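Novice: Handing you a structure now.
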Amino acid sequence: MNVSTSTFQTSRRRLKKVEEEENAGTLQLGQEFQLRQVNHQGEEEELIALNLSEARLVIKEALIERRRAFKKSLNQQKKKKNKRKTSSSGSHGLSDGTGELGDESEGDDEDDVDDDEGDFMNTETREKELESLDALLEQTTGGANKDLKNTMEYLTNFSRFRDQETVSAVIQLLKSVGLHPFEVAQLGSLACDTADEAKTLIPSLNNKISDEELERILKELSNLETLY
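Quick note: the sequence shown uses UniProt numbering, first residue 1, plus one each step.
Next comes the structure, spelled out in structure tokens:
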């Protein structure tokens, strides 16, 4: 009996789909999902999986730290420039005055940095945060990193939890159940209303946690989300 190529390919696709579903149900999705990972230094460490809200905060803090380093470097350059001007003037009186003004200017710059960080980290709406994000990316990347901009816009729009305190509460809640880091990250990112929905989207939960326990967790996550 002849078997057509299309029939054979359809059968292979079905088998592959079944295999993928089975793998998803047991988290057999590759070495990157193993609980023990090897870092770039060749050392073993626990698997880290971030939900969208965690990833957003990590990148925000890294960008703010980068801006702080840029401004600190700029302040140091200004200070050196002022010292050179003072030395060339040959006047001790002007030297003292310039030194004092330089210190005051540096302090003002540090205050400006703190104000900028507060504005960005404590934005109340997504619209304001996206506006602050544009300014931050312009200062730290020259506005040229479109991939980073798109990533941050996505994270800002789809993060469920806005601030570090809430994100920490979410992590503590989810880790208390003893789930895989990937499952913890998924539950923190997906706004599931019911246990059935959560187990459909995250098949590996089916044999790990009861519907009652999962419903309780989903309700607590929803309460944390609506607070902000």
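Just so it is clear, CB atoms sit at the ideal spot from N, CA and C, and this is done for glycine as well.
Since this is a predicted model, take the numbers as computed values, not measurements.
Are at least three pairs of beta-carbons, each pair with one atom in the region 52 to 62 and one in the region 200 to 216, less than 8 Å apart?
Specialist: Cβ pair count under 8 Å is below three, so no.
Novice: On the three-state DSSP scale, how would you describe E212?
Specialist: Translated into the one-based positions of the sequence shown, residue 212 becomes position 212. It is helical.
Novice: Please tell me whether L148 and L130 are closer than 8 Å, where the distance is taken between their beta carbons.
Specialist: If you number the sequence shown from 1, residue 148 lands on position 148. If you number the sequence shown from 1, residue 130 lands on position 130. Taking 8 Å as the Cβ cut-off, L148 and L130 do not qualify as a contacting pair.
Novice: Are the region 177 to 191 and the region 203 to 221 in contact at 8 Å, needing three or more beta carbon pairs?
Specialist: Verdict: yes, contact present.
Novice: Taking the continuous beta strand (DSSP E) assigned at V38, which residues delimit it?
Specialist: Reading the sequence shown from its first residue, position 38 is the one you call residue 38. Start and end: 36 to 38.
Novice: When DSSP labels each residue in this structure, what does E43 get in the three-state scheme?
Specialist: Counting from one through the sequence shown, the residue named residue 43 turns up at place 43. Three-state DSSP puts E43 in coil, outside helix and strand.
Novice: If I'm right that A195 touches R160 with Cβ under 8 Å, what's the distance once you round it to whole angstroms?
Specialist: Stepping through the sequence shown from its first residue, residue 195 is reached at position 195. Stepping through the sequence shown from its first residue, residue 160 is reached at position 160. Wrong, their Cβ atoms sit about 18 Å apart, outside the cutoff.
Novice: Assign R162 to one of two classes, buried (16 or more other C-beta atoms within 10 Å of its C-beta) or exposed (fewer than that).
Specialist: Taking the sequence shown and counting its residues from 1, one reaches residue 162 at position 162. Result: buried.
Novice: Near T140, what residues of its chain come up, given a Cβ to Cβ distance below 8 Å and the 5 sequence neighbours on each side ignored?
Specialist: The residue given as residue 140 occupies position 140 in the sequence shown. Cβ neighbours of T140 beyond the five flanking positions: L63, R66, R67, F70.
Novice: For T170, count neighbouring Cβ atoms within 10 angstroms of its own Cβ and tell me buried if that reaches 16, exposed if not.
Specialist: Locating residue 170 in the sequence shown gives position 170, where the first residue counts as 1. The question names Thr, but residue 170 in the sequence shown is Val. Classification for V170: buried.
Novice: Could you tell me if G188 is buried or exposed, where buried requires 16 or more neighbouring beta carbons within 10 angstroms of its beta carbon?
Specialist: Against the sequence shown, residue 188 aligns to sequence position 188. That one is buried.
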